[in-house]
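Asker:
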Amino acid sequence: MGRLEGKVALITGAAMGQGEAMARLFVKEGATVLLSDLNDKGKETAEMISREVGGDVTFIKMDVSSSSDWENAARLIDKKYGRIDVLVNNAGIPGRKTIQELTEDEWQKIMDVDAKSVFLGMKSMLSLLKGSQHGSIVNNSSIWALVGSGSAASYHAAKGAVRMLTKTAAIEFAPFGIRVNCIHPGLVRSPMTEELLSDPKERAARVGPIGRPAEPIEIAHAVLFLASDDASYITGVDLPVDGGYTAR
Ligand SMILES: NC(=O)c1ccc[n+]([C@@H]2O[C@H](COP(=O)([O-])OP(=O)(O)OC[C@H]3O[C@@H](n4cnc5c(N)ncnc54)[C@H](O)[C@@H]3O)[C@@H](O)[C@H]2O)c1
0 MGRLEGKVAL ITGAAMGQGE AMARLFVKEG ATVLLSDLND KGKETAEMIS REVGGDVTFI
60 KMDVSSSSDW ENAARLIDKK YGRIDVLVNN AGIPGRKTIQ ELTEDEWQKI MDVDAKSVFL
120 GMKSMLSLLK GSQHGSIVNN SSIWALVGSG SAASYHAAKG AVRMLTKTAA IEFAPFGIRV
180 NCIHPGLVRS PMTEELLSDP KERAARVGPI GRPAEPIEIA HAVLFLASDD ASYITGVDLP
240 VDGGYTAR
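By numbering that gives the first Met the number 0, the letter at position 125 of the sequence shown is numbered 124, and the numbering carries on one by one without gaps.
1) Does the Cβ of T97 lie closer than 8 Å to at least one heavy atom of ligand 1?
2) Return helix, strand or coil for I10, following the three-state DSSP convention.
3) For R2, collect the residues of the same chain with a Cβ closer than 8 Å to its Cβ; drop the 5 residues on either side in sequence, then sort them by chain order.
4) Following a CB-centred definition, is L9 positioned closer than 8 Å to any heavy atom of ligand 1?
5) By how many angstroms is the C-alpha of G120 removed from the C-alpha of D111?
6) Is Y154 near ligand 1, judged by its Cβ being under 8 Å from some heavy atom?
7) Between the Cα of E19 and the Cα atoms of I170, N71, D36, which residue gives the shortest distance?
8) Report the three-state DSSP secondary structure of H133 (helix, strand or coil).
9) How big is the Cα-Cα spacing for I209 and D62?
10) What does the Cβ neighbour count give for S135, buried or exposed, with the cut at 16 atoms within 10 Å?
11) Buried or exposed: where does S67 fall if 16 or more other Cβ atoms within 10 Å of its Cβ makes it buried?
12) Ends of the alpha helix (DSSP H) at N71?
13) Would you verify that the beta carbon of V240 is, or is not, closer than 9 Å to some beta carbon of chain B?
14) Would you say the beta carbon of I92 comes nearer than 8 Å to a heavy atom of ligand 1?
15) So what's A45 in DSSP terms, helix, strand or just coil?
16) Report the option in Y154, D241, L225 whose CA atom is closest to the CA atom of A90.
17) Going by CA-CA distance only, name the one from T97, H183, Q17 that's closest to G243.
18) Mind reading off the beta-carbon distance from G324 to F25? Whole number of angstroms is fine, and I expect it under 8 Å.
Take a look at the structure:
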């Protein structure tokens, strides 16, 4: 029996990268997956996973920074399933500029997509998560929520916000039987990091003691653990999945 057998899971930003790996793994573990993304490629990804793994994968097009998109998704899920068991707030965009380089608009864009989205997701899915016996939210933060780098100012701020939002949501939602945790990936091989990984100096500076970037599936395994009932007594935690980067 799969570790997510019978569960309904929504994963944002799952057209590619880490979210795609999570969707594929969740389906293998028996979940019904709602694969969401702003990019229409999500439809192809959902069809590909259905074809290759089997199981139930449905694409939902949505912008995670839009409250009306979240409300539409909640209505659709309510109509089809009446509840949701797992929400993975994974979608995100990079922002590498320093405070000196950033404009106010650039700052706001990153805050909206990387931080406000997590607030909107948890808020709009709460009543559906209450319908689950074992609700679990996993937020994809970053090691940049734990340490500074001297650049990526808006990204650090947004991911730091996700970290603390996770902790306070864990306390707020515990009476409803909903756990809330976050992961902090280090450097992961994904479309987001393609350019960065092609620069040997950047790559060397960003990998942890394990000495290589993570593959998306290695992040997906950590998310699966937190999403599943194997983590039934775990809420409000930070789980770095960073090859030891933050151990130094
Ligand atoms: N790649 C890394 O090294 C790394 C490290 C730490 C944390 N993260 C975080 O992990 C998460 C996944 O990143 P990834 O590496 O898979 O990146 P990726 O760029 O490969 O995938 C991100 C996905 O999010 C989607 N997306 C972007 N903006 C969106 C929006 N407004 N609404 C809905 N979907 C949107 C994209 O279309 C894409 O499919 C992000 O939150 C990222 O910040 C990445």
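Glycine included, every Cβ here is placed at the ideal spot set by N, Cα and C.
Answerer: A quick look at the data gives this:
1) Taking the first residue of the sequence shown as position 1, residue 97 is located at position 98. No, Cβ of T97 sits at least 8 Å from all heavy atoms of ligand 1.
2) Numbered from 1 along the sequence shown, position 11 holds the residue referred to as residue 10. The answer is strand: DSSP assigns I10 an E or B state.
3) As a position in the sequence shown, residue 2 is number 3, starting the count at 1. For R2, where only same-chain residues beyond five positions count, the Cβ hits under 8 Å are E28, G29, L223, S227, D228, D229.
4) Taking the first residue of the sequence shown as 1, we reach residue 9 at position 10. No, the beta carbon of L9 sits no closer than 8 Å to any heavy atom of ligand 1.
5) For the purposes of this step, residue 111 is taken as residue 112 along the sequence shown, with counting starting at 1. For the purposes of this step, residue 120 is taken as residue 121 along the sequence shown, with counting starting at 1. One C-alpha to the other measures close to 12 Å.
6) Counted from its first residue, the sequence shown places residue 154 at position 155. Checking every heavy atom of ligand 1 against the Cβ of Y154, one is found closer than 8 Å.
7) Position 20 of the sequence shown, counting from 1, holds the residue named residue 19. Nearest option by C-alpha distance: D36.
8) One-based indexing of the sequence shown puts residue 133 at position 134. Coil.
9) On the sequence shown, residue 209 is found 210 positions in, with the first residue counted as 1. On the sequence shown, residue 62 is found 63 positions in, with the first residue counted as 1. Each residue's alpha carbon lies about 35 Å from the other.
10) Translated into positions along the sequence shown, residue 135 becomes position 136. Its Cβ being crowded by 16 or more others within 10 Å, S135 is buried.
11) Here the question's residue 67 lines up with position 68 in the sequence shown. S67 is exposed by the Cβ-count criterion.
12) Position 72 of the sequence shown, counting from 1, holds the residue named residue 71. From DSSP, the alpha helix (DSSP H) with N71 extends over 66 to 79.
13) The question asks about chain B, but that chain is absent: this structure has only one protein chain.
14) Within the sequence shown, the letter at position 93 stands for residue 92. Flag set: Cβ of I92 near ligand 1.
15) On the sequence shown, position 46 is the one that residue 45 refers to. Three-state result, A45: helix.
16) Locating residue 90 in the sequence shown gives position 91, where the first residue counts as 1. The shortest C-alpha separation from A90 is found at Y154.
17) The residue you call residue 243 lines up with position 244 of the sequence shown. For the set T97, H183, Q17, the Cα lying nearest the Cα of G243 is the one of H183.
18) Outside the shown range of the chain (0 to 247) lies residue 324, about which nothing can therefore be said.
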